[in-house]
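Under my numbering, the letters of the sequence shown match residues 163 to 335, in that order.
For every residue, glycine included, the Cβ atom is placed at its ideal position computed from N, Cα and C.
Quantities reported herein were computed from a predicted structural model and do not represent experimental measurements.
These notes concern the structure reproduced below.
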Amino acid sequence: MQRQLLPRQVDARKLTSTDVRVSGFQPVSEFPRFVAGLHDAEGEVDVEMHFFRDESWVHRISASLSTEVSVICQRCLKAMPLGINSNFELAVVWTEEQAKALPRGLDSVILGEEPLDLLPLVEDELIIETPYTNYHPVGECQPEGPVEYGEPEVGEVERENPFAALRDLKSSD
Ligand SMILES: [Zn+2]
163 MQRQLLPRQV
173 DARKLTSTDV
183 RVSGFQPVSE
193 FPRFVAGLHD
203 AEGEVDVEMH
213 FFRDESWVHR
223 ISASLSTEVS
233 VICQRCLKAM
243 PLGINSNFEL
253 AVVWTEEQAK
263 ALPRGLDSVI
273 LGEEPLDLLP
283 LVEDELIIET
293 PYTNYHPVGE
303 CQPEGPVEYG
313 EPEVGEVERE
323 NPFAALRDLK
333 SSD
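What follows is the structure, given as structure tokens:
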């Protein structure tokens, strides 16, 4: 099956009323607020959205997204891969009153007569799902420049060990 772009805008009322699934991708570079926290704008975001009306007749979107991006390791400041897979639920409403009547914990989008912009919804979820700080697994940080005499990261870990040993001795006194 050929992959297609996720539409930027949809007629939410029409889609939820007819129970439709929409899927597609967008380049990571289409999400500038998300990219601001990344190492680079490489990659694509795959999105699936199910538009339907639930048992209370509320207009709903049940969505999932997945992507692999590069974030910055806060220890070595080099790129590291981060996979994001997430599901999220939204209600689409047209008045404040409708939003207030929703079950607790169900996020809502309040629309006027304009179509629903899908990219900001996806972008908000991407940002929520990205950890604020990221680190390579211990020992996998990339050393600065060519390594000739062993890795500084290892030395740092070794320096910490005597203190840990000392603490152990004291507590067993
Ligand atoms: Zn690192």
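Taken in chain order, the complete alpha helix (DSSP H) segments of 4 or more residues contained in the segment 244–280 are 258–262.
Two segments are said to touch when three or more pairs of C-beta atoms, one from each, lie closer than 8 Å; by this definition the segment 233–248 does not touch the segment 213–222. Sequence-distant Cβ neighbours of S224 in its own chain, meaning closer than 6 Å and more than five residues away, are H212 and E251. Within a 10 Å sphere around the beta-carbon of V182 sit fewer than 16 other beta-carbons, which makes this residue exposed.
Burial is judged here by how many other beta carbons sit within 10 angstroms of a residue's own beta carbon; L168 has at least 16 and is buried. Remark: the C-beta of M211 is outside contact range of ligand 1, defined as less than 7 Å to any heavy atom.
In the DSSP assignment, A225 falls within the beta strand (DSSP E) that extends over H221 to I234.
Residue environment analysis places L239 among the exposed positions, since fewer than 16 neighbouring C-beta atoms fall within 10 angstroms of its C-beta. Those residues that have a beta carbon less than 7 Å away from any non-hydrogen atom of ligand 1 are, in order along the chain, C235, R237, C238, K240, M242, Y297, H298, E302, C303 and Q304. For V190, the three-state secondary structure derived from DSSP is helix. In terms of Cα proximity to R195, the closest of Q166, R266, I290 and H221 is I290.
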